[in-house]
Amino acid sequence: MRIHALGTGGYHPNEVRHTASFLLPEAGILFDAGTATFRVTERLLHKDLHLFLTHPHWDHIIGLTYLYVPMLLEQIQSIKLYGNRYTLGAVKKHLFAEPTFSHMPAFELIELESFEQPEVQIDSCLVRWQPLPSHPGGSTAYVVEKQEQKFAYVTDTYVDGSYEDFIRNADLLIHECYFSDETSEWAEKTGHSYLTQVAELASRTDVKKLLLTHIDPRANSEEPWDLTDVKTVFSEIEFAKDLQSFQLWIDQ
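Residue numbers for the sequence shown, in our numbering: 1 to 252.
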């Protein structure tokens, strides 16, 4: 099973990155629906999609509007849209408002609060979640587990120590890194993360590989910052790039 990085930027797209969207095509699981969501349909292996939102800021939800035509054309048969009550409420009230985009696709809306435990089984994958409090309005971290392998997706948060056990021992951690060390003074103020603290987090939590995502779009390059020094903190680190795919595990 592989994960496809469809969009790896934050705030707004630039010439090299669209905003957040990560697809596990074999499982029919999508995390976030940023401007890269137009890339989803041709990469799906199933016509049923499980779409998990981290939070309702525009760079993570605007692509929900792009799914209207694929559903009309039955390129996608069904979409289960998961998010907390706050997120789904914002999607209904603000994104699909009458003056802006009145044609809401036929999503099945599933509130995370409706589960007795913060987890759901999707085929052979267990998806779990945990709230992230430091971003304005909050966000949600997700973990996918299968065959004793673990993938974690964490975005729009300051590294505040609240989710370290949740991501511990992940085989792959995709974590936001909006700011470089040179602009780190803005991280806690805005509820985002910066380079060295993310590398230190990966080291503390014994993850095997770290991909940096949700990059400041002013850094208009596939390799926006030099990673040489930070690799002394955590060596298995690289930038996630649009349209790359990464092996998560080999199905047995």
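We put the CB at the ideal spot given by N, CA and C, even for glycine.
Exercise. Which of helix, strand or coil does DSSP assign to Ser21?
Worked result: strand
For this session: Output the distance between the C-alpha atoms of Ser180 and Tyr194, rounded to the nearest integer angstrom.
Result: 5 Å
Exercise. Alpha carbon to alpha carbon, what distance is there between Pro131 and Thr140?
Worked result: 5 Å
Problem set entry | Local Cβ density within 10 Å of Leu243, reported as buried at 16 or more and exposed below that | exposed
For this session: Over the uninterrupted beta strand (DSSP E) stretch that includes Arg2, give me the two end residues.
Result: Arg2 to Gly7
Problem set entry | alpha helix (DSSP H) runs wholly inside the segment 116 to 168, at least 4 long, in chain order | 164 to 167
Exercise. When DSSP labels each residue in this structure, what does Gly83 get in the three-state scheme?
Worked result: strand
Exercise. Ordered along the chain, which non-local residues of its own chain (more than five positions away) have a Cβ less than 6 Å from that of Lys80?
Worked result: His50, Glu108 and Ile110
Problem set entry | CA nearest to the CA of Glu222, picked from Ile3, Thr8, His4 and Ser124 | Thr8
Exercise. Which of helix, strand or coil does DSSP assign to Leu49?
Worked result: strand
Exercise. So, using beta-carbon positions, are Pro56 and Arg43 closer together than 8 Å?
Worked result: no
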